[in-house]
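This report refers to the structure that appears directly beneath it.
Number of protein chains: 6
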Amino acid sequence: MDLRDATWTDVRDLETDLAVVPVGSTEQHGPHAPLGTDVVTAEAVADAGLERFDHEAVRAPAIPVGVAEEHRQFPGTMWVSEETFRNYVREVVESLASHGFDRVIIVNGHGGNVDAVREVGGTVTRDGEAYAVPFTWFEAVGEHAAEMGHGGPLETALLRHCEPELVRDDRIEEASAGGADSWGEWVSHTNLAYDAAEFTENGVVGDPRDGDEQRGEELLELAGDALARLLEAVAERDVSRPERR
Amino acid sequence: MDLRDATWTDVRDLETDLAVVPVGSTEQHGPHAPLGTDVVTAEAVADAGLERFDHEAVRAPAIPVGVAEEHRQFPGTMWVSEETFRNYVREVVESLASHGFDRVIIVNGHGGNVDAVREVGGTVTRDGEAYAVPFTWFEAVGEHAAEMGHGGPLETALLRHCEPELVRDDRIEEASAGGADSWGEWVSHTNLAYDAAEFTENGVVGDPRDGDEQRGEELLELAGDALARLLEAVAERDVSRPERR
Amino acid sequence: MDLRDATWTDVRDLETDLAVVPVGSTEQHGPHAPLGTDVVTAEAVADAGLERFDHEAVRAPAIPVGVAEEHRQFPGTMWVSEETFRNYVREVVESLASHGFDRVIIVNGHGGNVDAVREVGGTVTRDGEAYAVPFTWFEAVGEHAAEMGHGGPLETALLRHCEPELVRDDRIEEASAGGADSWGEWVSHTNLAYDAAEFTENGVVGDPRDGDEQRGEELLELAGDALARLLEAVAERDVSRPERR
Amino acid sequence: MDLRDATWTDVRDLETDLAVVPVGSTEQHGPHAPLGTDVVTAEAVADAGLERFDHEAVRAPAIPVGVAEEHRQFPGTMWVSEETFRNYVREVVESLASHGFDRVIIVNGHGGNVDAVREVGGTVTRDGEAYAVPFTWFEAVGEHAAEMGHGGPLETALLRHCEPELVRDDRIEEASAGGADSWGEWVSHTNLAYDAAEFTENGVVGDPRDGDEQRGEELLELAGDALARLLEAVAERDVSRPERR
Amino acid sequence: MDLRDATWTDVRDLETDLAVVPVGSTEQHGPHAPLGTDVVTAEAVADAGLERFDHEAVRAPAIPVGVAEEHRQFPGTMWVSEETFRNYVREVVESLASHGFDRVIIVNGHGGNVDAVREVGGTVTRDGEAYAVPFTWFEAVGEHAAEMGHGGPLETALLRHCEPELVRDDRIEEASAGGADSWGEWVSHTNLAYDAAEFTENGVVGDPRDGDEQRGEELLELAGDALARLLEAVAERDVSRPERR
Amino acid sequence: MDLRDATWTDVRDLETDLAVVPVGSTEQHGPHAPLGTDVVTAEAVADAGLERFDHEAVRAPAIPVGVAEEHRQFPGTMWVSEETFRNYVREVVESLASHGFDRVIIVNGHGGNVDAVREVGGTVTRDGEAYAVPFTWFEAVGEHAAEMGHGGPLETALLRHCEPELVRDDRIEEASAGGADSWGEWVSHTNLAYDAAEFTENGVVGDPRDGDEQRGEELLELAGDALARLLEAVAERDVSRPERR
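Chains as they are written, first to last, in the working numbering: chain A, 7 to 251; chain B, 7 to 251; chain C, 7 to 251; chain D, 7 to 251; chain E, 7 to 251; chain F, 7 to 251.
And the structure:
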């Protein structure tokens, strides 16, 4: 049940303790893909997962601005600090839990949010306010995951499937040419770069030409199935904390 | 230019220092109107204002969860603390300002956000990071403003105009019957109530029957015009701080 | 019972759960009125209200510095940030509540504090630590309220009644001449100004010549009566939080 | 110049960079002395020091609630957390510094505030916002200092001199009998007690019978002289920070 | 140069802008390995790296308590919150940078610290206070990395090499028998567990029997070499921030 | 039982509620004594006290960086803010208390930490999380205490006894010559200095020539005995909070 469209009486009549909170980012995704990519994809995956899930759950509106200072050199990129993002997401989860939706999956569409949503999940879970876990869709798409990049094949493909008009076909070649092969600059397993602009000229990582609509469909199916499995697991999990040793 | 859909290169090529940030709330609006009412209306007004404005401006995605703990007794209501909301909005504004969009109007659709967005505007303006002012649409609709309520005639009307399928026609009578006449419980100009549930049984204030589509159209026109005038004023204002006396 | 002058044993022997906390500001009030105006008036109104009230209540010392950065361009204006002011007032209220004075009225003499004291009241009330409401005296003086201004007729009148020697008679004409007609610069119901110095040359708003001693007496009576009614209402109110819907 | 009574134009015309900020506490002082003792004494000493000082300085209103949780078991005691008190005092100092009063003496009347005001002084001084130092009057009264106690001979004496009606003569014997000899419970130079109620039955430490009016007069003279010397030293000090070694 | 043992004059005479800050954790490592494992190993690796590095660098004392609430069910585990740990590490780095040691490697011995030290590095680097990167030794030991576990083969081996008396030989079999095969409980690439006690009975993950002294020697060599390479890269890196696009 | 070396099963089998947490500082101690002086001495005293104590207690690793900004002009000095230090120490104490070690002595080796550790002790004790008190060794060494200084006779002596190789014999004369006689610059019992570099050229206060090994031995004995007495007292103390008056 989409909370944006539901009334409070609809929510009252629902029997579930599950909630899904999409979190994205509004940030550069190369010259060919929109700033809202991570919101569009997080919402699409959240909905796909809920569709494939047999039981009820509430679906919150997507949180549109996340941890994205790493893209700050690219015009239009929006961000908040890690601390503010964690607080915002945590309090959103707590407000849902106050109504009994205290098993929460944070469906994440942005790499920069990964650490933050895991930390938030740990905080609310250990404090006993809710049980919350993150799900980052592009980690759960089988072998595709290795090609994630940024504005690369996966995101371009998923956009083409979900909102094709948001992909600028006429800039795909340019996007591909000016992008980087991989994320970061690594020495001894340490990434020396903090800003994407240190290693990618136009903000792209990976080749967006490898992201056609069909691949997007497959990605959505894979991610939706994975999320549905996670919903099942979260619904059934014993979330009590373990005993002291 | 809608940042969700634009690419960073589109934003780069834009010549403006103006930004519009819609802020709403996901909270009960009676048995007949959706939890997302304040997001839907804030976005509609933001877009109407931009349409009526002769120059360019960027339009951020709406911030969907605000200061709404006062509705916490009604299922589905989401909220964050005042402090977290202020931080989130302020940092959103600052990230826009980092790209030169340092004249910002926060288009607000929720009464509970009013104090917070004014404080944020003052903070960023005095610190010199940006010039930001709030605009709360239902204060700027002429004589209609007096009938605002909550899930009442104005919001119902505007929803009917913008997304009519979100209004439950079959619950309007019930919504009207169980609502309160006015907001709060007042003694000596002090509101003794902190939670809406102290004075409204079903969350409604005002009579939603008085909110037909035509009124909604008029409201959007009035609010859109007002916002366009404000955009004009903000664009031209001398935002330097006054001299010490 | 004035806490400044009472001993702890006096307080122990008292039977009441009511407390009154005056909050003011030390800030410019034009060339004719003292920086301490908002403290003087908040204390006078607090005492007038308690006098008119039939039961016991403790009266805290006035908090002398508030949210007044908007007057920072005028020498001698003191202020703290909104956050610090809220914390200070909230903890003051909580310390009173720890002794059983858990029905608290914050008697406010300064417009810049209004949002902050309302927020504090909501926080402590929802958390169950105390029931606290703000009372801003110049909102509760009937039709006079419309003429509030700043260092204008109302404050000048009340000072003349309470501490006449603090008003500089010989600067009233100058104060009147250099003042503004109204507070702020408004477009589409948005105040474009954040600093008083943007719209008033000498810090005055309204005409202090309209504030004679007799008017001050009437204001104190009106405000004192209003506060006494509020004390009565707060004493008797069911402060339990409403049930979930 | 007392900021409470001065107008901003008076302050503007002043030539000084010196400010004095009294800080007290509203807390139990035994059955015979008022909760406001530390405010009364801090203000008296501040004024005595300024009187004895040859040059101009502004005098802020006293901050009435401080770090006093250690007295929380005694009815009427008010307090804020150390953090909030530090923030409040620091921002008060910074607002004064914004007007050029950037050499500040915090005149303190309460032992519980000592660490906090020293920390605040260090913070603003090292940050370059102002040069601020604390002055705690009962440390600067020669050999009397050893008998400080709490509601003991020194405070009782000073009250008798400044506001004699605040001392309850008829409870002095009781105050003396129920008091403790010294502050705290010490083992290996560590105070094992955190709350005054752990070691004093009625809140008194020291014998208030040893505090007559004459002694109060002498204390005020000693403290006033000491503060005047400090004002002189602060006015003349090179407050630039030392060079790196 | 080890800061613990050096004098400030020694440090003054040094010519380098490089610093190394070991961070560990004091937390359960199974029945056979000490709570201090992550401190011992972080320090050993830091020293090994510095030894292999041709130039000077200062070496800070190890920060002994980190982000380890996930082990809270096991007696003796110490931890601080993520926020406090980040602040502590960041300010430590900033104090080093104030002396010109503004290229900093945080040598980390604990998985729970990984996100925090990366965030700290980003914060100080983007703010321009220092350039700081994390190095987590067990990620940089080639194919061994895959077997990390907790109190498992790698840590046991490295302890045997560095401080063999800290490994309880007589509990290795028990440690092995009661341990888990892998870290966490995973569904759809999400770890459902937040506390180690959810999936390991005795706190061990991996088989400590596979961690002999010789392997420890190899690990130290690999990690030391990797750190030396990173020191070289950090020393030579252009740390200016990239230009806006 | 030293937590660094113990396993969690060792800790589980222990029967005690006592913990000792050494806190030091890494900061300049003159040209002859190491930056780590306050860590070395805090640890030595902690161990000496535990040795002399008849019962069990756990001993945490030393916290190596404290409140030392006052030495910032001297290369190599490390510090964190007071707030961060307080949070770090408090959370360390709370994590110990979570395992039942809820009677804690913070063994402090640095003057700059004194206020902070007292505040932390008060906070956790009043909140009921643990009973914690600070012990600063150089206050508990009888008549020696008067000669404390900085890098002076006491610290030099104790270092000579504990880790003699850390004292640079060949710089003792220089250290003595360039040091100050006493700490600070005092007027009216107020220290006008905030940075040590304001009053000591080389960072030394007191004459390190008066600190031979024999004196160090005596100091360790005195401090160890004092700490043992304090452990006894803390173990037996009724730590319940007193009743309201």
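Backbone N, C-alpha and C define an ideal beta-carbon position, used for all residues, glycine too.
According to DSSP, alanine 39 of chain E shares a beta bridge with E:His35. In the same chain as leucine 228 of chain D, and ignoring 5 residues on each side of it, the C-beta atoms closer than 8 Å to its own belong to Ala146, Val147, Gly148, His150, in chain order.
In the three-state reduction of the DSSP assignment, tyrosine 137 of chain A falls in the strand class.
Short of 6 Å from the beta carbon of leucine 164 of chain E, and not among the five residues preceding or following it, lie these beta carbons of its own chain, in chain order: Thr47, Gly222, Leu225.
Scanning its chain for C-beta atoms nearer than 7 Å, with the 5 sequence neighbours on each side dropped, one finds around proline 67 of chain F the residues Leu9, Arg10, in chain order. Rounded to whole angstroms, the Cβ separation of valine 98 of chain F and valine 71 of chain E is 6 Å, and the two are in contact under 8 Å.
The beta-carbon separation of alanine 122 of chain D and glutamate 75 of chain D, rounded to 12 Å, does not stay under the 8 Å limit for a contact. Interface residue (Cβ-Cβ distance to chain D less than 9 Å): glycine 36 of chain C is classified as such.
Burial is judged here by how many other beta carbons sit within 10 angstroms of a residue's own beta carbon; aspartate 23 of chain A has at least 16 and is buried. Secondary-structure assignment with DSSP links aspartate 8 of chain F through a beta bridge to F:Arg65. Between phenylalanine 144 of chain B and alanine 234 of chain D, the alpha-carbon positions lie close to 58 Å from each other. If you check the CB distance, arginine 247 of chain D and proline 81 of chain F do not come in under 9 Å.
Taking 7 Å as the upper bound on Cβ-Cβ separation, chain B lies near residues Asp121 of the stretch 107 to 124 of chain C. By the C-beta criterion, the stretch 207 to 218 of chain A is judged to be in contact with the stretch 153 to 164 of chain A, since at least 3 inter-stretch pairs fall below 8 Å.
Chain A places a beta carbon closer than 9 Å to that of valine 139 of chain E, counting this residue as a contact. By DSSP's assignment, leucine 24 of chain B forms a beta bridge with B:Arg109. Among the residues of chain E, those whose CB is under 7 Å from the CB of threonine 15 of chain F are Pro37, following chain order. In the structure shown, asparagine 114 of chain A adopts extended strand secondary structure according to DSSP, grouped into three states.
Three or more beta-carbon pairs separated by less than 8 Å are not found between the stretch 122 to 133 of chain A and the stretch 177 to 190 of chain E, which leaves the two stretches without contact. Judged by DSSP secondary structure, serine 101 of chain C falls within the alpha helix (DSSP H) whose first and last residues are 88 to 104.
A residue is called buried once 16 or more other Cβ atoms fall within 10 Å of its Cβ, and glutamate 100 of chain C is buried on that count.
The beta carbons of valine 26 of chain F and alanine 50 of chain F sit no closer together than 9 Å. With contacts defined as CB atoms closer than 9 Å, histidine 61 of chain A and alanine 203 of chain A fail to qualify as a contacting pair. Within the stretch 164 to 186 of chain E, the residues whose Cβ lies closer than 8 Å to any Cβ of chain F are, in chain order, Leu172, Arg174, Arg177. A check of alpha carbon separations from valine 95 of chain E across E:Met84, E:Glu125, E:Thr83, E:Phe107 identifies E:Glu125 as the nearest. The alpha carbon of alanine 183 of chain B has as its nearest neighbour, out of B:Trp192, B:Gly157, B:Ala52, the alpha carbon of B:Gly157.
For histidine 150 of chain E, the three-state secondary structure derived from DSSP is helix. Burial check for glycine 155 of chain E: the Cβ neighbour count within 10 Å reaches 16 or more, so the residue is buried.
Against chain D, the beta carbon of proline 81 of chain F has neighbours under 8 Å at Arg250, Arg251, listed in chain order. The beta carbons of leucine 236 of chain A and isoleucine 111 of chain A sit closer together than 9 Å. Counting along the chain, the unbroken alpha helix (DSSP H) around leucine 228 of chain B starts and ends at 219 to 242. If you ignore the 5 residues before and after methionine 84 of chain E, its C-beta comes within less than 6 Å of the C-beta of Thr32, Val71, all in its own chain and listed in chain order.
At least one C-beta of chain D is nearer than 9 Å to the C-beta of glycine 42 of chain C. Apart from the 5 residues on each side of it in sequence, glycine 115 of chain E sits with its Cβ closer than 6 Å to the Cβ of Gly30, Asp44, Thr47, Ala48 in its chain, given in chain order. Rounded to the nearest whole angstrom, the C-alpha separation of glycine 212 of chain B and histidine 35 of chain D is 54 Å.
Proline 159 of chain D and glutamate 21 of chain D have their alpha carbons spaced roughly 39 Å apart.
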